[in-house]
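In my numbering, the protein residues as written are 61 to 317.
Notes to accompany the following structure.
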Ligand code: 48F
């Protein structure tokens, strides 16, 4: 059978362009494809919402692939084990309330289920700014990660979303941009980013779910970013809170869009 290189190129360019144009106006835009962002995107997509996720890196999965110190196992607690089961990830009992899962199986399965549910994932794209109207976050400013890395002087593109979710993990990148550039007061005790606290797994896992919520009109946080914004501790390679926080924000947004 004949294969034409130009047809292969055209197929990719046409399909991607169509996908990207559809992504320019959606219900929810998630920044960051770690566990929290992926789980959030999965539940929104499953509920039929138009949801896109932008990930800076080539690979999706954030800090989950490497488990703890590159030992590719993760720990989840009882309350989050049910989410893993829902995705079809095998969780093995280690001790009461401690379950182990293979981090490679977990990331790849969550990612695959999320895409199959309808989440549109764009890797290699970074959010470098937000769009603001009437003190409400209403979109993202995006550029290729390669442009950012090479420090090329290339202008970005803009997309509109009813809600933006920051799932960028420890750096809380979108929240920092909003704090620095928008003039909007955040719903924290200081009105600004409080900053992440030192390691405390039990408290961190609890506060991360509580802190996964609206930060200002049109803008939510989930995952480690939530504790960075509201001042909760880090928790190391236990990942239940990430999954629960992504689901919590998705459920809130499902009611709103
Ligand atoms: O860091 P990450 O996995 O965030 P998370 O979902 O999970 C945190 C855990 O991995 C771990 C932990 C567990 O106790 O603390 O750290 O909260 O995933 C964040 C993703 O966001 C991407 C980044 O490359 C990573 O894959 N990201 C960060 N900034 C941007 C971004 C940006 N400006 N634009 C696009 N992607």
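From the three backbone atoms N, C-alpha and C, an ideal C-beta is built for every residue, glycine too.
Just so it is clear, the structure is predicted and the values come from calculations on it, not from any experiment.
What residue from the options has the CA that sits closest to residue i's CA?
i, options, result
"residue 262", "294, 242, 282 and 159", "294"
"residue 254", "273, 86, 287 and 183", "287"
"residue 132", "105, 121 and 141", "121"
"residue 161", "144, 75, 281 and 199", "144"
"residue 19", "311, 101, 110 and 156", "The first residue shown for the chain is 61 and the last is 317, placing residue 19 beyond what the model contains."
"residue 201", "208, 186 and 213", "186"
"residue 118", "182, 213 and 267", "182"
"residue 178", "82, 241 and 251", "82"
"residue 172", "184, 106 and 84", "106"
"residue 300", "216, 135, 151 and 169", "135"
Kindly examine the ligand 48F and report whether one of its heavy atoms sits closer than 6 Å to the Cβ of residue i.
i, result
"residue 190", "no"
"residue 152", "no"
"residue 116", "yes"
"residue 94", "yes"
"residue 291", "no"
"residue 254", "no"
"residue 258", "no"
"residue 265", "no"
"residue 61", "no"
"residue 122", "yes"
"residue 261", "no"
"residue 74", "no"
"residue 83", "no"
"residue 130", "no"
"residue 233", "yes"
"residue 219", "no"
"residue 127", "no"
"residue 166", "no"
Could you tell me the boundaries of the alpha helix (DSSP H) in which residue i lies?
i, result
"residue 270", "261–271"
"residue 171", "163–177"
"residue 236", "233–241"
"residue 71", "65–82"
"residue 96", "95–106"
"residue 149", "Per DSSP, residue 149 belongs to no alpha helix (DSSP H) and is neither H nor E."
"residue 289", "284–290"
With residue i as the anchor, note down where its beta strand (DSSP E) starts and where it stops.
i, result
"residue 181", "180–183"
"residue 276", "274–276"
"residue 114", "111–115"
"residue 18", "Nothing about residue 18 can be read from this structure; the chain reaches only from 61 to 317."
"residue 279", "279–281"
"residue 91", "85–91"
Mind checking who residue i pairs with in its DSSP beta bridge?
i, result
"residue 218", "201"
"residue 304", "Per DSSP, none; premise fails for residue 304."
"residue 128", "131"
"residue 314", "The partner list for residue 314 (beta bridge, DSSP) is empty, contrary to what the question assumes."
"residue 298", "135"
"residue 210", "In DSSP, residue 210 forms no bridge with anything."
"residue 186", "203"
Roughly how far, in whole angstroms, is the beta-carbon of residue i from the beta-carbon of residue j, given that I think they are within contact range, below 8 Å?
i, j, result
"residue 290", "residue 238", "That belief does not hold up - the Cβ atoms of residue 290 and residue 238 are roughly 14 Å apart, past 8 Å."
"residue 197", "residue 207", "Rounded, the Cβ-Cβ distance is 23 Å, inconsistent with contact."
"residue 282", "residue 235", "Not confirmed; about 11 Å, so no contact."
"residue 313", "residue 104", "6 Å"
"residue 227", "residue 112", "The Cβ separation is near 12 Å, so there is no contact."
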